[in-house]
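The sequence shown begins at 21 in this note's numbering and counts up one residue at a time.
I have placed the structure first, in the form of structure tokens, so that the comments after it can refer back to it.
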Amino acid sequence: MQSEQDLASAPTNGKKLRVVFCHPDLGIGGAERLIVDAAAELASRGHAVHIFTAHHDPTRCFPETIDGTFPVHVHGSFLPRHIAGRLHAVCAYLRCLWAALCIVISVWLRWIPAVDAIITDQVSAVHPILRLLPAKILFYCHFPDLLLAQRDSWLRSLYRTPIDWVEQVTTGMADSIVVNSRFTAATFASTFPSLAQLGIRPAVLYPAVALDSPAAAAGGAGESTSGAGLQEAQKLGIDLSSRFFLSINRYERKKEITLAIFALGLLTRSSGQAGTAAGSQQGTQDGAAALALSKAQRPQLIVAGGCDARVRENVEYLQELKRLAEEEGVASDVLFLTSISDALKAQLLSHCTAVVYTPPNEHFGIVPLEAMAASKPVVACNSGGPTESILDGKTGFLCAPKPAAFATALATLWADPSRAASMGQVARMHVEEKFSRKVFGDRLQEILWTMWS
Numbered sequence: 021m022q023s024e025q026d027l028a029s030a031p032t033n034g035k036k037l038r039v040v041f042c043h044p045d046l047g048i049g050g051a052e053r054l055i056v057d058a059a060a061e062l063a064s065r066g067h068a069v070h071i072f073t074a075h076h077d078p079t080r081c082f083p084e085t086i087d088g089t090f091p092v093h094v095h096g097s098f099l100p101r102h103i104a105g106r107l108h109a110v111c112a113y114l115r116c117l118w119a120a121l122c123i124v125i126s127v128w129l130r131w132i133p134a135v136d137a138i139i140t141d142q143v144s145a146v147h148p149i150l151r152l153l154p155a156k157i158l159f160y161c162h163f164p165d166l167l168l169a170q171r172d173s174w175l176r177s178l179y180r181t182p183i184d185w186v187e188q189v190t191t192g193m194a195d196s197i198v199v200n201s202r203f204t205a206a207t208f209a210s211t212f213p214s215l216a217q218l219g220i221r222p223a224v225l226y227p228a229v230a231l232d233s234p235a236a237a238a239g240g241a242g243e244s245t246s247g248a249g250l251q252e253a254q255k256l257g258i259d260l261s262s263r264f265f266l267s268i269n270r271y272e273r274k275k276e277i278t279l280a281i282f283a284l285g286l287l288t289r290s291s292g293q294a295g296t297a298a299g300s301q302q303g304t305q306d307g308a309a310a311l312a313l314s315k316a317q318r319p320q321l322i323v324a325g326g327c328d329a330r331v332r333e334n335v336e337y338l339q340e341l342k343r344l345a346e347e348e349g350v351a352s353d354v355l356f357l358t359s360i361s362d363a364l365k366a367q368l369l370s371h372c373t374a375v376v377y378t379p380p381n382e383h384f385g386i387v388p389l390e391a392m393a394a395s396k397p398v399v400a401c402n403s404g405g406p407t408e409s410i411l412d413g414k415t416g417f418l419c420a421p422k423p424a425a426f427a428t429a430l431a432t433l434w435a436d437p438s439r440a441a442s443m444g445q446v447a448r449m450h451v452e453e454k455f456s457r458k459v460f461g462d463r464l465q466e467i468l469w470t471m472w473s
């Protein structure tokens, strides 16, 4: 198992590697964006890349997975995602194990060339099968899965016990482990003490952001010229010439999008609007003041989230958020969008005043990078990965996970557009230096070369 010191002295031997990725579900999300970035960066450096996955929908995926940048092999989509709404983890393991078995068979039958390195993530249970090949295994740990699982009953705890054991044992079977932040590295050590005792300490490989995307290239000046995005915005009735805050997250309860709606309620509430007990009481206790604005001047919030109709939580949470907006008296100020196109996302990032990122203790968070690349400041929780990507007071604000704290930061940016723009320019320079895809690709290549040194 390699260490940070090993990486510091890694040889740049120029070897072109044959790399295979094994990923559970190649849809649209932070983990998927990282895998696609990794594959694209390695391919651009001359390495031979293949991705194996259990699910890939060409209508709901990142463009690199369908434009010929690298081949995508789908094996396991015939297996169920759940059984009667249960056993999601077991089904995910089975689907990934099938994809891993197909990697081995594909190499044995020479359907794909012999493999030098295999990059896995999310499901470490595939490692015993992949060990049948003489390839090095690099495991990217976004976050220990056992910490994400619910244990609200003794039956669930019993169900998770063997899965958690398998996760810890098979994670240690990788030749090298990397994580997405120092926060996750610390969590990894405390979650897998037996691995820490063996001296297994993951290196940090920060996710990256594209600096040449339409929104990023516009430099936050509201000049993104994607025709498709403009037409989509017009069809949805979005006035890009007006000011608004933007929230980008999957519709999952752990993302705490309610925090943005409560904060908006505090910003816009007049004395005659009481709002819900949760929002108004917290605002009163923490001393948040509403902005004295006319309705035309009131801040608008666009919530753009990934919403998969196959996932019940996505559908339910979206409806919960809409009800909350009604209760807070801001239903007319909030626009909910689902699974938007990259073109529309670029337009929204180019024209927003700032991005509101609400998940507490987020493992890393790619959205803040996308926002800063588009020269937009970010308001986020003062915990987890955002504390490593956002410079508080310079590229955004890190706040306590309370509506009043978020409302205060948003009010500052809303009242002073020039400050918001200035912070956005600093944010852009920050990601260019530390979080570009080139930096990410160079680091990943270095890690793979070190595994072969």
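Where is the CB? At the ideal position from N, CA and C, for every residue including glycine.
key: As assigned by DSSP and simplified to three states, the class of Tyr-160   = The three-state secondary structure of Tyr-160, taken from DSSP, is strand.
key: Anticipated Cβ contact below 8 Å, Asn-200 with Gly-416, distance rounded   = No, Asn-200 and Gly-416 are not in contact; Cβ-Cβ is about 19 Å, not under 8 Å.
request  = Using 10 angstroms around the beta-carbon of Val-39, count the other beta-carbons present and answer buried if the total reaches 16, otherwise exposed.
outcome  = Buried is the call here.
Gln-254 versus Leu-364 - alpha carbon distance = Across the structure, Gln-254 and Leu-364 are spaced so that their CA atoms are roughly 10 Å apart.
request  = Since I believe Cys-42 is in contact with Thr-191 (beta carbons under 8 Å), could you give me their beta-carbon distance rounded to a whole number of angstroms?
outcome  = With 8 Å as the limit, Thr-191 and Cys-42 do not qualify as a contact, their Cβ atoms being about 14 Å apart.
key: Inter-residue Cα distance where the pair is Ala-68 and Ala-429   = Whole-angstrom Cα-Cα distance: 46 Å.
message = To the nearest angstrom, how far is the alpha carbon of Ser-361 from that of Ala-230?
response = Answer to the nearest angstrom: the Cα atoms are 16 Å apart.
Status (buried if at least 16 other CB within 10 Å, exposed otherwise) for Ile-71 = With 16 or more Cβ atoms within 10 Å of its Cβ, Ile-71 is classed as buried.
inquiry  = With distance defined between alpha-carbon atoms, name the residue in Glu-408, Ile-157 and Ser-177 nearest to Leu-492.
reply    = This structure does not reach residue 492, given that the chain is present from 21 up to 473, and the question cannot be answered.
message = I believe Ala-440 touches Ala-374 by the beta-carbon criterion, under 8 Å. Please report the beta-carbon distance rounded to the nearest angstrom.
response = Their Cβ separation, rounded to whole angstroms, is 6 Å, which keeps Ala-440 and Ala-374 in contact under 8 Å.
request  = Assess, as a yes-or-no matter, whether the region 148-155 is touched by the region 114-126 under the definition of 3 or more beta carbon pairs within less than 8 Å.
outcome  = Yes, the region 114-126 touches the region 148-155.
query = On the three-state DSSP scale, how would you describe Leu-256?
reply = Three-state DSSP puts Leu-256 in coil, outside helix and strand.
ask   = Span of the beta strand (DSSP E) holding Val-40?
value = Run containing Val-40: 38-43, per the beta strand (DSSP E) assignment.
key: Cα-Cα separation, Pro-379 to Ala-400   = Pairing Pro-379 with Ala-400, the inter-Cα distance amounts to about 8 Å.
key: Within the region 358-430, ranges of the beta strand (DSSP E) (whole runs, at least 3 residues)   = The region 358-430 contains these whole beta strand (DSSP E) runs: 374-377, 398-401 and 416-419.
query = Would you say the region 82-92 touches the region 101-117, given that touching needs at least three Cβ pairs under 8 Å?
reply = In short, these stretches do not touch, since the Cβ pair count stays below three.
task = Measure the CB-CB distance between Gly-349 and Gly-285 and report whether it falls below 8 Å.
result = Contact annotation: Gly-349 and Gly-285 have beta-carbon atoms nearer than 8 Å.
request  = Return the CA-CA distance between Val-92 and Asp-195, expressed in angstroms with no decimal places.
outcome  = Cα to Cα, the separation comes out at about 24 Å.
query = Three or more beta-carbon pairs under 8 Å between the region 462-471 and the region 408-423, yes or no?
reply = Segments in contact, no.
task = Given a cut-off of 8 Å, decide if Ala-51 and Gln-142 are closer than it, judged by their beta-carbon atoms.
result = A contact, by the Cβ cut-off of 8 Å.
task = For the alpha helix (DSSP H) holding Phe-203, just list the boundary residues, first then last.
result = That run of the alpha helix (DSSP H) goes 202-211.
request  = Taking Phe-203 as the reference, give the member of Leu-369, Ala-223 and Ser-214 with the closest Cα.
outcome  = Selected option, being the one with the closest Cα: Ala-223.
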